[in-house]
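Counting in the numbering used here, the sequence shown runs from 377 upward without gaps. Everything on this sheet refers to the single structure shown next.
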Amino acid sequence: MAANLTPQYLKAEEEYRRSQTPEEELKWLQVMFAEIPKHKASEKMQVMLKTKIAETKKEIEAAKGASKKVGKSVKIPRQGAGTCVIIGGPNAGKSQMLAFYTKAKPEVAPYPFTTQTAMPGMTPWKDVFFQMIDTPPITTEFFESYLYGYIRGAELVLLVVDPTSDEGIQQCQDVLDRLQNTKTRLAAESGLDEDDVGLSYTKTFLVATHADSPDFADAMELFHEYCKHPFKEFCISTVDGTGTEELRDAMYEAMNVVRVYTKQPTQKQPDMDKPFTLRTGGTIEDLCNQIHKDYATRFKFARVWGEGVHDGTVVKIDYVVHDGDVVELNIAP
Ligand SMILES: Nc1nc2c(ncn2[C@@H]2O[C@H](COP(=O)(O)OP(=O)(O)O)[C@@H](O)[C@H]2O)c(=O)[nH]1
Ligand SMILES: [Mg+2]
C-alpha cells in the first residue's frame, strides 16, 4: 500500500487479525484508524476502517440484546512462543502429529471422527516451546465454527493430508473448498486483505503424512495433479521420523519470534534456560510489558549483550532486540 504505515499501525493490524471477539476487534480497529496516516493515499483505507468500526459497533450492540449463544466453543489459552493449528480431513494423521511433537495424548485411530474436540500440546524447539492444537476433521458436511477463531488467532496452520489413502486427496480439496469463500482463509503468508480488512489470511503449510509408505511418491504425484495449492509443502512420517525435524524448524520460524534472556543488575550470569519470546521487531518495552504491568513506566535504562551492540551497551526502551540478546533491565523501585 502507498500509505506509509507506522509500526503501531502494523501491530494493531496484527492484533486485529487475531482478535477472538467483536470487542477486541473494535479496540484494534480504533487504534488502526487513529494510527493511519491521514493523506490522499490512504483515503480508501480510512473509509474502509470507518465502515468496519460502525459495523463492529452494531454487531456488539446486537449481541447484547440477544441471549448468549451456547455452543461448545472451546477456548484454548495461547501458550509459549506461538500457536500452530492442525487441520485436515478425517484420518489425515492430525492426532498422530500432535502425539509425535508434544506430550499430549490424543486418541489416534484408523477410523474417522475419533477426535471430537480440539486438544492442545506444547512442542519444544531448542530452549523454547510453542503450542500445537489438534482439531476435529473438516468435511463437506462437518465444520466446527470455532475453528475460524483458531485459524485467525494462529501464527500457522498445518493442513494435513494422507495422500496414500483412497479418499485423502479429495478430502484435502474439500477442506480447501470449505474455507475458500469465508472471511478466514489459508494462504502462503499471513495478513489482511488490502481491499477488505475483515478478510484474514493465515500462513499455512501443507503437510503430507505417511512418507514411510512405499506408495508415497506415486501418491504425491497424483496429489499434485488434483490439488493445486499455494502453500509450502512438507512430507513427513510420524512413524519413522522422516521430515519431522525440518518441519519443526519451519514451524518455529513461522512463529516469527526472537528469544531474549534477562538478567538482574545484581546477577553475574543471565538466566540462560528460560528465555522470553518476543515477536520479531519487538522492543525492550514489549519485554517490560511481558514481565510486569508497570515495568515500562518504571523503566530507567537497559544494558544489552548481543548481536547488534557492544557488550553491555546502555539502550533506551525503544531498542529493537535480536534473537539471543541478553538484557539487563534497570527498573526504578
Ligand atoms: N504409516 C503411517 N501411519 C500414520 C502416519 N500418520 C498417521 N498414521 C496413521 O493413520 C491413522 C489416522 O491417524 P490419526 O492421527 O488418528 O488421524 P486424524 O483423524 O487426522 O487425527 C492412524 O492409524 C495412524 O496411526 C504416518 O506418518 N505413517
Ligand atoms: Mg484425530
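Using N, Cα and C, we set each Cβ at its ideal position, and we do this for glycine too. No experiment lies behind these values; they were computed from the predicted model shown.
Residue i classed as buried or exposed, judged by whether at least 16 other C-beta atoms fall within 10 angstroms
{"i": "S471", "result": "buried"}
{"i": "T638", "result": "buried"}
{"i": "S541", "result": "buried"}
{"i": "R393", "result": "buried"}
{"i": "G469", "result": "buried"}
{"i": "V446", "result": "Summary for V446: the model assigns pLDDT 44, below 50, so the residue's position carries little reliability; its value from the coordinates is reported in the next sentence. Exposed, by the Cβ-count rule."}
{"i": "M648", "result": "exposed"}
{"i": "D510", "result": "buried"}
{"i": "F489", "result": "exposed"}
{"i": "V703", "result": "buried"}
{"i": "T558", "result": "exposed"}
{"i": "Y487", "result": "exposed"}
{"i": "V504", "result": "buried"}
{"i": "A494", "result": "buried"}
{"i": "E399", "result": "exposed"}
{"i": "P383", "result": "exposed"}
{"i": "E401", "result": "buried"}
{"i": "P641", "result": "exposed"}
{"i": "A593", "result": "exposed"}
Cβ-heavy atom distance, residue i to ligand 1, below 8 Å
{"i": "A595", "result": "no"}
{"i": "K470", "result": "yes"}
{"i": "M473", "result": "yes"}
{"i": "V484", "result": "yes"}
{"i": "I612", "result": "yes"}
{"i": "S589", "result": "yes"}
{"i": "V615", "result": "yes"}
{"i": "T499", "result": "no"}
{"i": "T515", "result": "no"}
{"i": "T585", "result": "yes"}
{"i": "P646", "result": "no"}
{"i": "P466", "result": "yes"}
Of the residues the options, the one placed nearest residue i, counting alpha carbons only
{"i": "E391", "options": "I693, G688 and T578", "result": "T578"}
{"i": "K403", "options": "P413, G619, T511 and K428", "result": "K428"}
{"i": "A708", "options": "T397, Y671 and T382", "result": "Y671"}
{"i": "V636", "options": "E400, V533, V536 and D699", "result": "D699"}
{"i": "V690", "options": "V696, E683 and R679", "result": "R679"}
{"i": "P500", "options": "P590, D625 and F592", "result": "D625"}
{"i": "E389", "options": "E609, C664, T620 and S576", "result": "S576"}
{"i": "G684", "options": "A593, G574, Y695 and A475", "result": "Y695"}
{"i": "S727", "options": "L555, V533 and P383", "result": "The chain is shown from 377 up to 709; residue 727 falls before or after that span and cannot be answered."}
{"i": "H686", "options": "E629, M508, D701 and F675", "result": "D701"}
{"i": "F675", "options": "K434, E621, S418 and L705", "result": "L705"}
{"i": "G464", "options": "S418, H415 and L582", "result": "L582"}
Enclosing alpha helix (DSSP H) for residue i [first to last residue]
{"i": "Q396", "result": "No alpha helix (DSSP H) holds Q396; DSSP gives it neither H nor E."}
{"i": "Y524", "result": "Y522 to G529"}
{"i": "S471", "result": "K470 to Y477"}
{"i": "Y671", "result": "Y671 to R674"}
{"i": "T459", "result": "It is not in any alpha helix (DSSP H) - T459 instead sits in the beta strand (DSSP E) that spans T459 to G464."}
{"i": "R554", "result": "G544 to Q556"}
{"i": "N665", "result": "I660 to I667"}
{"i": "F592", "result": "F592 to Y602"}
{"i": "D365", "result": "Nothing about residue 365 can be read from this structure; the chain reaches only from 377 to 709."}
heavy atom of ligand 2 below 8 Å from residue i C-beta
{"i": "T493", "result": "no"}
{"i": "T490", "result": "yes"}
{"i": "D538", "result": "no"}
{"i": "P496", "result": "no"}
{"i": "D510", "result": "yes"}
{"i": "P641", "result": "no"}
C-beta contact flag for residue i and residue j at 9 Å
{"i": "D587", "j": "C548", "result": "This sequence places Ala at residue 587; Asp is not what is there. Not in contact: A587 and C548 (Cβ atoms no closer than 9 Å)."}
{"i": "E531", "j": "M631", "result": "yes"}
{"i": "I693", "j": "I667", "result": "no"}
{"i": "I545", "j": "Y602", "result": "yes"}
{"i": "T459", "j": "G529", "result": "yes"}
{"i": "Y526", "j": "I452", "result": "yes"}
{"i": "A584", "j": "D538", "result": "yes"}
{"i": "F506", "j": "A457", "result": "yes"}
{"i": "K479", "j": "M498", "result": "yes"}
{"i": "H605", "j": "L535", "result": "yes"}
{"i": "T580", "j": "D550", "result": "no"}
{"i": "M473", "j": "D572", "result": "no"}
{"i": "V407", "j": "V461", "result": "no"}
{"i": "T614", "j": "F476", "result": "yes"}
{"i": "P512", "j": "Q492", "result": "yes"}
{"i": "L654", "j": "V633", "result": "yes"}
Element boundaries [beta strand (DSSP E), containing residue i]
{"i": "R561", "result": "T560 to A563"}
{"i": "D701", "result": "D701 to I707"}
{"i": "H686", "result": "V685 to V691"}
{"i": "P496", "result": "M495 to W501"}
{"i": "E609", "result": "K608 to C611"}
{"i": "A584", "result": "S576 to A584"}
{"i": "T653", "result": "F652 to R655"}
{"i": "D649", "result": "Note, D649: premise wrong, no beta strand (DSSP E); not H, not E."}
Test: residue i CB closer than 9 Å to a CB of chain B
{"i": "V484", "result": "Annotation note: the requested chain B is absent from the structure, which comprises a single protein chain."}
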